[in-house]
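Novice:
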Amino acid sequence: MWGNMFPSVSAPNPKTVIRERLAEIIRRAFGMQRFAAEKAARASSRTPRCTKNWLAGKNVPDSAALIELMASSDALSDEVMALVHERRKAREGR
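For reference, each letter of the sequence shown is one residue, going 0 to 93 in numbering that gives the first Met the number 0.
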């Protein structure tokens, strides 16, 4: 009976998708710059070690740091707002 069944594949967890997208957005905004971690640290009032983890995709910023990053970069702000709009559409589609 079990040999002929395929395992169910669930949709990706929205939190995981958001974390991955947020890490990509931060890398695009700061990753290609020289001293990227230091610049992101200044923009967010966090330590370079903390921002290195964001750039590596190990962690994402907390809400206060994210707001500071968005205030420092129009491109980053626009991409985060696009992510918010995507999530709204996904929630409405349920």
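Cβ atoms here follow ideal geometry from the backbone N, Cα and C, with glycine treated the same way.
Excluding the 5 residues flanking Ile25 on each side, which residues of the same chain have their C-beta closer than 6 Å to its C-beta?
Specialist: Along the sequence shown, read from residue 1 onward, the residue named residue 25 stands at position 26. Around Ile25: Trp53.
Novice: My guess is that Ala22 and Phe29 are in contact by the Cβ rule of under 8 Å, so how many angstroms apart are they, rounded?
Specialist: Here residue 22 is taken as the residue at index 23 of the sequence shown, counted from 1. Here residue 29 is taken as the residue at index 30 of the sequence shown, counted from 1. Contact doesn't hold; Cβ gap of about 11 Å is too wide.
Novice: Excluding the 5 residues flanking Ser43 on each side, which residues of the same chain have their C-beta closer than 7 Å to its C-beta?
Specialist: Counting from 1 along the sequence shown, the entry for residue 43 is found at position 44. Here the set comprises Thr50, Pro60, Ala64, Glu67 and Leu68.
Novice: Alpha carbon to alpha carbon, how far is Arg41 from Ser71?
Specialist: Locating residue 41 in the sequence shown gives position 42, counting from the first residue. Locating residue 71 in the sequence shown gives position 72, counting from the first residue. Cα to Cα, the separation comes out at about 10 Å.
Novice: May I have the straight-line CA-CA distance separating Glu85 from Asp77, to the nearest angstrom?
Specialist: As a first step, residue 85 must be located in the sequence shown, where it is residue number 86. As a first step, residue 77 must be located in the sequence shown, where it is residue number 78. In a straight line, the C-alpha of Glu85 is about 12 Å away from that of Asp77.
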